[in-house]
Structure formats: C-alpha cells, structure tokens
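Working notes, beginning with the structure itself.
2 protein chains.
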Amino acid sequence: MTQTDPTSIRVAVSTVIVALRPHPDTGAPALWMPLVRRVTAPFEGSWALPGGWVGPDEGLEDSAAARLRETTNVQPRYLEQLYAFGDVDRSPSRVVSIVYWALVHPDEADSVPDDWNVRWFLADEHPQLAFDHDRIVEYALWRLRNKVSYSRIAQAFLGDRFTLAELRGVYEAVLGRTLDPANFRRQVAQGDAVLATDETTSGDRHRPARLYRSNPDLAYADNGPLTPPTRQERPCPSR
Amino acid sequence: MTQTDPTSIRVAVSTVIVALRPHPDTGAPALWMPLVRRVTAPFEGSWALPGGWVGPDEGLEDSAAARLRETTNVQPRYLEQLYAFGDVDRSPSRVVSIVYWALVHPDEADSVPDDWNVRWFLADEHPQLAFDHDRIVEYALWRLRNKVSYSRIAQAFLGDRFTLAELRGVYEAVLGRTLDPANFRRQVAQGDAVLATDETTSGDRHRPARLYRSNPDLAYADNGPLTPPTRQERPCPSR
Chain A
1 MTQTDPTSIR
11 VAVSTVIVAL
21 RPHPDTGAPA
31 LWMPLVRRVT
41 APFEGSWALP
51 GGWVGPDEGL
61 EDSAAARLRE
71 TTNVQPRYLE
81 QLYAFGDVDR
91 SPSRVVSIVY
101 WALVHPDEAD
111 SVPDDWNVRW
121 FLADEHPQLA
131 FDHDRIVEYA
141 LWRLRNKVSY
151 SRIAQAFLGD
161 RFTLAELRGV
171 YEAVLGRTLD
181 PANFRRQVAQ
191 GDAVLATDET
201 TSGDRHRPAR
211 LYRSNPDLAY
221 ADNGPLTPPT
231 RQERPCPSR
Chain B
1 MTQTDPTSIR
11 VAVSTVIVAL
21 RPHPDTGAPA
31 LWMPLVRRVT
41 APFEGSWALP
51 GGWVGPDEGL
61 EDSAAARLRE
71 TTNVQPRYLE
81 QLYAFGDVDR
91 SPSRVVSIVY
101 WALVHPDEAD
111 SVPDDWNVRW
121 FLADEHPQLA
131 FDHDRIVEYA
141 LWRLRNKVSY
151 SRIAQAFLGD
161 RFTLAELRGV
171 YEAVLGRTLD
181 PANFRRQVAQ
191 GDAVLATDET
201 TSGDRHRPAR
211 LYRSNPDLAY
221 ADNGPLTPPT
231 RQERPCPSR
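First to last, the sequence lines map onto chains A and B. Using my numbering, you'd call the opening residue of the first sequence number 1 and step up by one each time. Using my numbering, you'd call the opening residue of the second sequence number 1 and step up by one each time.
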C-alpha cells in the first residue's frame, strides 16, 4: 500500500435529476434537469449540478440526498449511484465526486424553485457547466438512453396509473424520436413490465383510455445485493 | 453547500480480479480471485481485496491499476469502475473506496504470485474478508452474473480463439450451473457476439473442434462516453 497522504483529496456528491416536462416549442414531453448557480469561486456564476461535500458522519447516498434537498428542495424517492468522477484536473483542488442520479415524478419536480439560483433546463440544451459537469450529464443521459427498462422508466417518470400514450411520450423524450403507436402497444403487450388495469381515463374530451400500472414484481433499482430500501421506508432519510 | 470539513474522509481504491481456473475437485472451469493478506491493523492477518490509497496526482483508474500491480503484480487490460463504497462504519476511520473490477485471461492471472501474502481463492469459497469486502465481492459476483454479455465474457476470460465448449465452460462457471450443449450452440449461433473462424483445434486426441472469436465490433466496456482507451494504448498506464 502506497503511503501517500490521502487527506489532500476531498469527497463531494452531486446528483443528476431528470424530470419529464413539456418542451416549450412542441409541448411534447421532454427531459429537463434542475441546475444550481454557483455563488462562489471556482466557476462563480456558472451553472452546476446540485451537490456539495460529504459530511464526516454521512453515508454517500444520505449525503447526496441531503445536499440535493438543501440546494434544490427535491427529495426523490430513489437515488441511484451513477459513477465516481476523480480525474486529477477536474477541479482546481483535488475533488472526487460520487455522482447519483434520480428520475423524478412531476409532483416531485414541482417542489424545485425556478429562480435566480435554481433553474430547470432542457437536458439537451443546457449551458456550459462548471467543472466536468458537462461530461457527467452526457454520461447520465447516455446511461438513461441505454439502460432503463420499460418498468423502471414508467415508475420513475409517471404516476401510479398512466395511459400507453403517456408511457410512449416518456420513451419518445428519452430516445429523442417518435415511436409508432401500434408497434409500441404491441411491444408493451409482449412484455410484463407494465400491466393493464380495469380503470380508464374519465375522457371528458377524448375517448376514455385504459390506464396501466408498473409491474410491482420488477424492482426499480437494479442494484442487486446493494439495493437500499426506498427512501420513504427510512425514518430519517438524510440524518 | 454544507461547510463541514471534508478532509477527514480518505479515498482508497480496491479491485476485484476474477479469473477462470479449474475447480480443484471437479476440474471444471471455476471463478477464482486473488486476495491479499493484510500486514497492518485494522484487520491485520485478514484477507482483503488488493488496493490502497489514491495518490494526490493519480486519477482513480490509474490509481486502481497502480495499487493492483504493487500488491498482486496483475496488470489487466481492462479495469471497469464497479461502485463507490462509503458507509460511515465500513472502516475504523472514514474511508470511501472506489472499487474496480477486471476479468483476466489465464496468462494475466499467472503473473500473480501464490504465496503467504497473495493467494487465489475460489470466488464462492473465500474466507471472511476485512472491512466490507465480503459485501463488495458479493456485489461484484452479482454484477458479473447479471450483466456480462456473451461477447464480453468471451473476450475477458478466454484467448483470441476458443471452442464453443470452452465458451460454455465460462458460462457454466459464472452461472454456477451446467448448460445443455445443443441449446448453448443454438443461442450462440442466433447472436452476433461470437463469430466462427475457419480454424479448428489440432485434435490429437479428440475430433477437431471449430474455433470461434469475439465479434470485434461489440465493445468490451459498456461505458458510453466514459469508455477509456484500453490500457495497452496508453503510453504510461499508471503514472
């Protein structure tokens, strides 16, 4: 074991929050994320991912949840560890950032203030970010596009009940392209990630549409032996 | 941002190395990993994953490669970041460990000394490890069983050319169960991860068997925008 002094490295957490909101031009569902304006050097005035230092008595996920709540007021049900970023030159001082991500429901997203310090940006059209946060966001979006399964994406972005059109909107937003409704319906029917219910939309203006729900037997977080309890189950999520 | 003092947290790297070697009882391919005996407190005398502190001028992956070479003499072609472990009580002092993993060829594995300080253990039958390393190994094996694709597992554990029986041996070792040869052959033929060559084994004692190779178009490391160059391409892999 090399006996260098490891205390010159500081440990931080950051979180990429992604929510589905209408695109300002098209009105179609699009991926948005809240960013925080930095008020101190380095990168003062730049936008950055919400985060901060890991406290000496905080676990990594609890720390990510606490810094996220403090900076953006978001308290997501699920946080998933994305990657640890630790390049030597990613910050003027040496910082290793453990990055989490969360896909949040619209009601969770609504708790974020949209003001001078915190603002929602289209995930594909954000300004240049502080540190290596552009690279982190690029990686997070790549992971989202490659790794989410039908079940997880439905549970993450939508409510308990949703129509197939709403579910297709999620996929179109994530994949960045339109999907054929008939093919999409067929693919959903072939899988077991999403289950039809007996309920329909009220249909004031449109024909009532059947409501679906996520299959509760499929876990949201694909983390095997490390899967933590959901945040609601914790008496005190961030200590 | 909370202004706690983050310098009381130290950053370490550990690596889970997995290689395929014959099971001592059956002779069938099995998963083995090299462990390192700790010579200092805490957990003096216990076996642990190879690793050590991150140097102030080392990136995380370079650090993992350097500590691995120093402790076990292994220089794997690929290291992949597995997870950051940072529970408050995982060590007597506060340590965040960035854990990497690598699947290595037999020739890479042969460079590891098997002596008092470093020893190969069957992955499923290792002694109780220091710190939270049992949990880390459990997570790594779960990831291995869930996430490897045909292509990656072939490239990682076997040489440039391999028979279908050898490939099936890899899968049987990873999955911990025997597979039907005819079904396995059919599944391989349906995918594009493994390609037949014109070559065969020499077949001194057995009927010559066709040799296969991994499809080079399928990337080994599924890391998207973060995929690093392979270690051989680097002029100085660990600085």
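Even glycine gets a Cβ: it sits at the ideal position worked out from N, Cα and C.
- Listed along chain B, no residue sits closer than 9 Å to residue 111 of chain A by beta-carbon distance, the nearest being about 19 Å off.
- The C-beta distance from residue 102 of chain A to residue 127 of chain A rounds to 21 Å, too long to meet the 8 Å contact threshold.
- Among the CB atoms of chain A, none fall inside 9 Å of the CB of residue 16 of chain B.
- Apart from sequence neighbours up to five positions away, the residues of its chain that approach residue 93 of chain A with a beta-carbon distance below 8 Å are 10, ordered along the chain.
- Annotation for residue 20 of chain B: the continuous beta strand (DSSP E) segment containing it runs 10-22.
- By the CB criterion at 9 Å, residue 137 of chain B and residue 108 of chain B fall outside the cutoff.
- Around the beta carbon of residue 133 of chain A, 16 or more other beta carbons sit within 10 angstroms, so the residue counts as buried.
- Taking a beta-carbon distance threshold of 9 Å, residue 58 of chain B counts as an interface residue toward chain A.
- Residue 153 of chain B does not reach chain A, its nearest Cβ partner there being about 17 Å away, counting only Cβ pairs nearer than 8 Å.
- The beta carbons of residue 171 of chain A and residue 162 of chain A sit no closer together than 9 Å.
- Looking at the backbone, the Cα of residue 39 of chain B and that of residue 89 of chain A are separated by about 33 Å.
- Residue 118 of chain A is outside the set of residues whose beta carbon lies under 9 Å from a beta carbon in chain B.
- At a cut-off of 9 Å between C-beta atoms, residue 69 of chain B does not count as an interface residue with respect to chain A.
- Short of 6 Å from the beta carbon of residue 95 of chain A, and not among the five residues preceding or following it, lie these beta carbons of its own chain, in chain order: 10 and 12.
- At a cut-off of 9 Å, the C-beta of residue 176 of chain B has no neighbouring C-beta in chain A.
- Taken through DSSP and simplified to helix, strand or coil, residue 142 of chain B comes out as helix.
- Residue 41 of chain A carries a coil assignment under DSSP once its states are collapsed to helix, strand and coil.
- The alpha-carbon of residue 80 of chain B is positioned some 16 Å away from that of residue 69 of chain B.
- Inter-residue distance for residue 97 of chain B and residue 205 of chain B is about 49 Å (C-alpha atoms, whole angstroms).
- For residue 122 of chain A, the pairing in a beta bridge is given by DSSP as A:32.
- Under the rule that a run must span 3 or more residues, the beta strand (DSSP E) segments found entirely inside the region 45-109 of chain B read 51-53, 80-85 and 95-104.
- Residue pairing by DSSP places residue 157 of chain A in no beta bridge whatsoever.
- By the Cβ neighbour-count rule, residue 210 of chain B is exposed, with fewer than 16 other Cβ atoms within 10 Å of its own.
- Between residue 20 of chain A and residue 157 of chain A, the CB-CB gap stays under 9 Å.
- Residues of the same chain with a CB within less than 7 Å of the CB of residue 160 of chain B, apart from the 5 flanking positions on each side, are 213 in chain order.
- Non-local C-beta neighbours of residue 169 of chain B in its own chain, meaning closer than 8 Å and more than five positions away in sequence, comprise 20, 28 and 29, ordered along the chain.
- Excluding residues up to 5 positions away in sequence, 96 lie with their Cβ nearer than 6 Å to the Cβ of residue 86 of chain A in the same chain.
- Taken in chain order, the members of the region 90-104 of chain A whose beta-carbon sits within less than 7 Å of a beta-carbon on chain B are 94, 96 and 98.
- Cβ contact annotation for residue 179 of chain B (same chain, cutoff 7 Å, sequence separation greater than five): 168, 171 and 172, in chain order.
- In this structure, A:43 is the residue among A:43, A:106, A:18 and A:121 with its C-alpha nearest to the C-alpha of residue 91 of chain A.
- Residue nearest to residue 54 of chain A within the set A:15, A:215, A:199 and A:116 is A:15 (criterion: CA-CA distance).
- By the neighbour-count criterion, in which 16 or more other beta carbons inside 10 Å mark a residue as buried, residue 182 of chain B falls on the exposed side.
- Among the bridge pairs identified by DSSP, residue 162 of chain B is matched with B:212.
- Inter-residue distance for residue 112 of chain A and residue 83 of chain B is about 29 Å (C-alpha atoms, whole angstroms).
- Under DSSP, residue 200 of chain B forms a beta bridge with B:210.
- The closest CA to that of residue 56 of chain B, considering only A:18, A:8, A:142 and A:193, is found on A:8.
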